[in-house]
Amino acid sequence: MNDWQKKSPLEWKTYKMVKVAAVEKHEYEGWVLTVDPVSASIVLATFLENEKVSISVVLGHAVQEVEILREGDDEMKQRLSCIFAPEESKAYSP
Amino acid sequence: TSPRFQALLGGREEEVGAAQEARAALRQRYLRGLAAARGRPTHFSLRAGVRVDAVFGAADVEAVAFQVDALRTPLGVEAAALLRCTDVLAFSFLLD
């Protein structure tokens, strides 16, 4: 078992920027939206220049190491939390 | 939150409850993410450096396979296909 799998689900409640090392020397970087407790897949979000969001899902079986780069601030938390929010609970700007 | 589950985690009741709540929230967000992927052009990285593009369809509960449409392979476009999860390393798509 890798170290990262021992992390408690509570640790993923706060948004973190991570670097994921996967098998076959693949690397992925982004903000962790969620870690699936069933398949251990990591869902990452990266913000592109054209205001689009790129979502990458690294499957649990392929993950080798997860390095935490930094913690998200309140603004980032706001941006990330509404990405997969159900329609009715989306926050609207005034 | 069964006694058996609590014994497995070996924590105090409130800690176990908080962990379970966090797990449920993480799972829910993952499922919403899969729902958001539906119908979007998706790029799959498979084993041995193989990369394919397809339109994301669905995933099963146990993470065994992904169903995709319009899978582009070197031999042509498959209208519908299943990708084994064990062959997939990662996939990505764009939200607008």
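So the sequences go chain by chain: A and B.
For the first sequence, my numbering gives the first residue as 1, with consecutive numbering after it.
For the second sequence, my numbering gives the first residue as 95, with consecutive numbering after it.
Glycine included, every Cβ here is placed at the ideal spot set by N, Cα and C.
With respect to 7 angstroms, is the separation between the Cβ of B/D190 and the closest non-hydrogen atom of the ligand PLP below this value?
Although the ligand PLP was asked about, the structure shown includes no ligands whatsoever.
What is the residue span of the alpha helix (DSSP H) that A/R70 lies within?
First-last for A/R70: V63 to E71, but that is the beta strand (DSSP E), not the alpha helix (DSSP H).
Which of helix, strand or coil does DSSP assign to B/G143?
helix
With H, G and I counted as helix, E and B as strand and the rest as coil, what does DSSP make of B/L169?
coil
Residues of chain A with CB under 7 angstroms from B/D190, in chain order?
K52
Within this structure, are the beta carbons of A/S56 and A/L69 separated by less than 8 angstroms?
no
With DSSP collapsed to three states, give me the class of B/L177.
strand
Inter-residue CB distance, B/F187 and B/P135 (contact presumed, cutoff 8 angstroms)
7 angstroms
Under 8 angstroms (Cβ pairs) to chain B, residues found in the region 14 to 28 of chain A:
A22, V23, E24, H26 and Y28
Would you decide whether B/A173 is buried or exposed? Buried here means 16 or more other CB atoms lie within 10 Å of its CB.
exposed
If I measure Cβ to Cβ from B/L177 and keep anything under 7 angstroms in the same chain, skipping five residues before and after, which residues do I get?
F138, A159, F160 and V162
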